[in-house]
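Undergrad: Residue numbers (numbering that gives the first Met the number 0): 0 to 127.
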Amino acid sequence: MLRVSGYWLIVTSILHVLIHGWLFAKPLMDIVYDGWFNTVAPNPLAPFYDREIAFWCMMITPFLLVIGGLCCWAQTKAIALPSFLGWILLLTAVVGVTVEPMSGFWLIIPPSVLMLFDSRRRKESSLV
0 MLRVSGYWLI VTSILHVLIH GWLFAKPLMD IVYDGWFNTV APNPLAPFYD
50 REIAFWCMMI TPFLLVIGGL CCWAQTKAIA LPSFLGWILL LTAVVGVTVE
100 PMSGFWLIIP PSVLMLFDSR RRKESSLV
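Laid out in structure tokens, this is it:
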């Protein structure tokens, strides 16, 4: 189950970069053309909102990739991940879906549930 969760999160992170790279191509290129450093909100009282949205959309990608890789690694080592990882992902997805139903937050629910099932299954099998 962890391997499925891992691959799911890795694919989701790749899709996230591709889709948001396409949707936010202009603000992302503006960040690059302006030299990266302090180009998102150089004046906090008058930020570039399109750049902020693009930046924060892209910043979630490495975390999805890391958690996906961690799931695959744990599966190959035959160890259980702490259940709080699944709970945090699930809670994040539920809040995201509630606040923005037409979004990719729905894609985070299946792997988080699989992570919780795997954690419970491993806990029960260790008790027997």
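Idealized CB from N, CA, C, for every residue including glycine.
(1) Tell me the residue span of the alpha helix (DSSP H) that contains T75.
(2) Which one of I13, S4, A45, M58 has the shortest CA to CA distance from L27?
(3) DSSP three-state call for F116: helix, strand or coil?
(4) Taking only the alpha-carbon atoms, compute the straight-line gap between A79 and P61 and give it to the nearest angstrom.
(5) When the Cα atoms are used, what is the spatial distance from S111 to I30?
TA: So, from the data block:
(1) 48 to 76 is the extent of the alpha helix (DSSP H) around T75.
(2) M58
(3) Here F116 sits in helix by DSSP.
(4) When rounded, the distance between both Cα atoms is 22 Å.
(5) 33 Å
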